[in-house]
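Engineer: Could you have a look at this structure, given as structure tokens, before my questions?
Protein chains in written order, with the UniProt record's numbering: chain A, 1 to 156; chain B, 1 to 951.
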């Protein structure tokens, strides 16, 4: 996988993960181009499109589009499964996830993605293991933040 | 002392609360301190009115602060009292050691403490997000972001450690909105270096988002990564590996490959799987580093943990795709993979890895992909996996996307390896089933895959023709497009009638973007497979009607040419065209052009058509035709080109019809047309009705049947003599091996030929040919790196040049001999051939034809016009033509006319060959292009150049 983008129906980027180095300018251009292309596609069209020398796989969940760019000999149906798996993980973690969860906890969304994929390839096929890893890391974070109480009230 | 401190700190905290608690109140806070006492007095009032609820929390907070400040006092002030000799610095420089400990010092310390407490808390991430979301206009959002960015920058400058993590998190959000955030890069590194896990987590996230391979900070991050890869916490190692996998640059990969390899052997599965994928990324960046990972990789496959297994398989796949040696090395794991796959299929329900009834589809797909790589072009390995592939293909549940995912991967593997015929049929049938699936994604995938295999296994795909044709009506445009391409690939002589019927219906309803491509493809297929001329003409007419203005120019010329050469059907088609023309012709300019051309040429046939030609069409009268022409000429919707056709046609009709006057009138109105082209025609044609009346009928004769267009065939015909000449040359022993590709073979046989004719050739050939071999090897080596051989000014002809020269004296007598046999006739012809550009067929394979047309420039130089024609139905892109000649020649290549050859299109390129030694020319060609996404590379040798071109 070359990159993954999450964006809303309004075309606002919600998450971006690049597995290949590009200058910032190019990334922005690609993002803009893909968002407009995908948003203009009709719902009855299929989830794949050919774009430059890549295959784009996208799927819409509620108001959010999940879009992945894969190479020519990658399996596009499997990519749909990966997207679905990611959505399931988000759902489990946030408890019926919505766009706002991802906006306000974007870092968590990144952490979950990083436990599912590494370098653009799937690293764990068990949902339980991924969620366990995330939970233990969250715990580690909580343990070393005793002043969390004040922080939550804007006083820390 | 403590009480004073408490009081002051209390006051300022109150002031903070009252003035709004946040740093937006900076102004009021920077006012002089004395007023604080006043605030303290009114504190209770305020508390009662507004801050009752907060007071408890607030009080608790103050106690914490007090304790902190107290500790600070202890350190700073008390400490020196106990240890007088605490510092070696002179007293005036040692701030902590202060013998004159008095109120002034205490005040200063208190002030410092107050400063610390007073430091405004940065806005929380969620507050920032809320604020940004609340912004109603882009400008408003920009101002919020800019303000926050400025603040974040200032905290970075002040080295604020406490809030760095929060500030970076906010910056990352701002970055996602598309604002510049590069100034956070170094701060991310500082976070990574921190000991807190929270800091590291956000720091690495920031590093992945803000840095990429191009950053200079990489040296710094490499050190951080190295430290963390040696951490004792698995999650810290995990973070480092994840970051390395995302942003590894070649240098980083080199520096850290050793660490990653060590972690691949870690007893912890969590680390092992991450390390394996990290290794995968490293190899992708720097393939040479593969060696390091080889030993550790093998053992990954004996794992039970699916995470480690899948990463291991991914890593091996990458290694195998990278180097043929490694591919061979891993051939022996095929049985292991087969076993793992078998276990996955046969294993019962395991909740952890189950996806709607399929056991770990992710792992299954990865293994199938690796099997594909391992079984490619390898009969034994393919044999070993035939059974399991069949098993997967038959046993997988197909009601859900997951099952079809696996089937799809299985089909790809079956197609790629050397699988049994039965298995291939099974694979195509799976795709056929896919075509009937409700899920549009699966239909699309099926069409795509069929398109890739159609050239290999046409008959198996043919069986699903009707389903494919059904897909032409799919609501999804991308599926329709694929179905169209596939349909054209399936057309043959047997099915053309039914296929064409469907495709014409499709063309009628197709989106504008398809019409051009579809119509051109129909024309091509019709030309290739049409059962008879009448059908062919009917089809072309239907295309013109259905595709309207989207028809490309090639369709017009094709149709006109076909009408012109099919003398038997001219009356019929002219009538048909008349019928089409008298119906609605808006937006059908190409149809008008063709119809008016035909009517102009065959106007007399139109009026005198026999009964069988007319069938359902009513024969028009002269006046009807002329009225229609007038309408066409005056219609503002018709473009100039159409009007030109019409005007010329009308003029032609003046010799075929009796009512010349009316025509003359219409034509003469155009002598004042505003369009210069039409005006010229108007004026010129008017002359034919006046002064040059006598010339008219001769000038407007019917055109002779056009039989060209098929350029290559045609050239062969007109240059028949040169063909004959070439054949003569081919008969000579030197040209027996034209088919041979291997240059060395060729040379060997050449020298043996020389041996045979030795009596004629006094030169010692054997040593020469030895030295040749080496030069030839040089030449072959050169082919890999150079597209054009360097222009060496080798005056002493070595290598091939020599032996080629040796060939000349042998050839001469033979040519002379043949000249003698055929007499003067041929010898005079040879001269004319040279002027007529001798052509030769340099290459013809898989629909790509390359012709050379030779033209003599001066004594030593020949210019070769290379014409590459694409006879397939698909575009050939990235077309690259490379040539190499022996060293004694000089080759200059001009740039080609293009790199893409459209179907039936042409790319030309000019080569100049200088031959100072006048030896026989031979040329090696390398041709590469990509068609339907497949790369094609071909090599060939041309040595049928006519030798007399140098004379």
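Where is the CB? At the ideal position from N, CA and C, for every residue including glycine. The structure displayed is predicted, hence computed values, not measured ones.
Grouping DSSP H, G and I as helix and E and B as strand, with all else coil, what is residue 882(B)?
Structural biologist: Residue 882(B) falls in the strand class under three-state DSSP.
Engineer: For residue 935(B), count neighbouring Cβ atoms within 10 angstroms of its own Cβ and tell me buried if that reaches 16, exposed if not.
Structural biologist: Counting Cβ neighbours within 10 Å, residue 935(B) comes out exposed, since fewer than 16 surround it.
Engineer: With H, G and I counted as helix, E and B as strand and the rest as coil, what does DSSP make of residue 617(B)?
Structural biologist: In this structure, residue 617(B) counts as coil in the three-state DSSP scheme.
Engineer: Could you check whether the Cβ of residue 197(B) sits closer than 8 Å to any Cβ belonging to chain A?
Structural biologist: Closer than 8 Å: yes.
Engineer: Classify residue 578(B) as buried or exposed, calling it buried when 16 or more other Cβ atoms lie within 10 Å of its own Cβ.
Structural biologist: By the neighbour-count rule (16 or more Cβ atoms within 10 Å), residue 578(B) is buried.
Engineer: Give the DSSP-derived three-state secondary structure of residue 155(A) in the structure shown.
Structural biologist: Annotation note: pLDDT 38 at residue 155(A) (below 50); position unreliable, no value reported.
Engineer: Count the other C-beta atoms from every protein chain shown that fall within 10 angstroms of the C-beta of residue 764(B), then say buried if there are 16 or more, exposed otherwise.
Structural biologist: Only weak support is given to the placement of residue 764(B): the predicted model assigns it a pLDDT of 40, under 50, and the value that follows is read from those uncertain coordinates. Exposed, because fewer than 16 other Cβ atoms sit within 10 Å of the Cβ of residue 764(B).
Engineer: Taking the continuous beta strand (DSSP E) assigned at residue 661(B), which residues delimit it?
Structural biologist: No beta strand (DSSP E) holds residue 661(B); the alpha helix (DSSP H) holding it covers 660 to 669.
Engineer: Residue 349(B) versus chain A: which residues are under 7 Å apart at the beta carbon?
Structural biologist: Under the 7 Å cutoff, chain A gives no residues; its nearest Cβ is about 14 Å from residue 349(B).
Engineer: Quick one: does residue 110(A) have its CB under 8 Å from some CB of chain B?
Structural biologist: Cβ-Cβ to chain B under 8 Å: yes for residue 110(A).
Engineer: For the segment 11 to 24 of chain A, enumerate the residues whose C-beta is nearer than 9 Å to any C-beta of chain B, in chain order.
Structural biologist: Result list: 12, 13, 14, 15, 16, 17, 18, 19, 20, 21, 22, 23 and 24.
Engineer: Cβ atoms of residue 589(B) and residue 639(B): under 8 Å apart, would you say?
Structural biologist: Yes, they are a contact pair.
Engineer: Which residues of chain A have a Cβ atom closer than 7 Å to the Cβ of residue 169(B), listed in chain order?
Structural biologist: Ordered by position in chain A, the residues that pass the 7 Å Cβ test against residue 169(B) are 107.
Engineer: Let me know if residue 485(B) comes out buried or exposed under the rule of 16 or more other beta-carbons within 10 Å of its beta-carbon.
Structural biologist: With 16 or more other Cβ atoms within 10 Å, it is buried.
Engineer: Could you tell me if residue 629(B) is buried or exposed, where buried requires 16 or more neighbouring beta carbons within 10 angstroms of its beta carbon?
Structural biologist: Buried is the call here.
Engineer: Step through the CB atoms of chain A and report whether any lies within less than 8 Å of the CB of residue 776(B).
Structural biologist: Only weak support exists for where residue 776(B) lies, its pLDDT of 41 falling under 50; the coordinates are left without a value.
Engineer: Run through DSSP, which three-state label would residue 952(B) get?
Structural biologist: Because chain B in this structure spans residues 1 to 951, residue 952(B) falls outside the shown range and cannot be described.
Engineer: Going by DSSP, what residues sit across from residue 17(A) in a beta bridge?
Structural biologist: BP columns for residue 17(A) point to 4(A).
Engineer: I'd like to know if residue 63(A) contacts chain B, where contact means its C-beta is closer than 8 Å to some C-beta of that chain.
Structural biologist: By this cut-off, residue 63(A) is not an interface position.
Engineer: What does DSSP give as the partner residues of residue 936(B) in its beta bridges?
Structural biologist: Paired residue(s): 929(B).
Engineer: If the cut is a Cβ gap below 9 Å, which residues of chain B does residue 103(A) touch?
Structural biologist: Correct list: 129, 133 and 173.
Engineer: Are any of the Cβ atoms in chain A nearer than 8 Å to that of residue 136(B)?
Structural biologist: It does not; no Cβ of chain A falls within 8 Å.
Engineer: Contact check, residue 271(B) vs residue 237(B) under 8 Å by CB: the rounded distance?
Structural biologist: Residue 271(B) to residue 237(B), Cβ: 5 Å. Contact.
Engineer: Residues of the segment 474 to 502 of chain B with a CB closer than 8 Å to any CB of chain A: list them in chain order, please.
Structural biologist: So the list reads 475, 476, 477, 478 and 479, given in the order they occur along the chain.
Engineer: What span of residues does the alpha helix (DSSP H) with residue 858(B) cover, start to end?
Structural biologist: Unbroken run through residue 858(B): none, as it is neither H nor E.
Engineer: Should residue 95(A) go down as buried or exposed, given a rule of 16 or more other Cβ atoms within 10 Å for buried?
Structural biologist: Result: exposed.
Engineer: For residue 388(B) and residue 448(B), I'd like the C-alpha separation in whole angstroms.
Structural biologist: Cα to Cα, the separation comes out at about 24 Å.
Engineer: Leaving out the 5 sequence neighbours to the left and right, which residues in its chain are closer than 7 Å to residue 124(A) when beta-carbon positions are compared?
Structural biologist: So the qualifying residues of the chain are 115, 116 and 130.
Engineer: Which term fits residue 950(B), buried or exposed, when burial requires 16 or more other beta carbons within 10 angstroms of its beta carbon?
Structural biologist: Residue 950(B) is buried by the Cβ-count criterion.
Engineer: What residues are listed by DSSP as bridge partners for residue 51(A)?
Structural biologist: Paired residue(s): 54(A).
Engineer: Could you tell me whether the segment 67 to 86 of chain A touches the segment 510 to 521 of chain B, using the rule of 3 or more Cβ pairs below 8 Å?
Structural biologist: Short answer: they don't touch.
Engineer: Could you tell me whether any non-hydrogen atom of the ligand SAH is closer than 7 Å to the CB of residue 54(A)?
Structural biologist: No copy of the ligand SAH occurs in the structure displayed, which carries no ligand at all.
Engineer: Can you check which of these residues, 217(B), 259(B), 678(B) and 560(B), is closest to residue 227(B) by C-alpha distance?
Structural biologist: Residue 227(B) has its Cα closest to that of 259(B), out of 217(B), 259(B), 678(B) and 560(B).
Engineer: Compute the Euclidean distance between the alpha carbons of residue 482(B) and residue 451(B), then round it to the nearest angstrom.
Structural biologist: C-alpha separation (whole angstroms): 8 Å.
Engineer: How would you write the range of the alpha helix (DSSP H) that residue 901(B) sits in, first residue to last?
Structural biologist: No alpha helix (DSSP H) contains residue 901(B), which DSSP labels as neither H nor E.
Engineer: Within 8 Å of any Cβ in chain B, is that where the Cβ of residue 126(A) sits?
Structural biologist: Closer than 8 Å to some Cβ of chain B, the Cβ of residue 126(A) qualifies, so yes.
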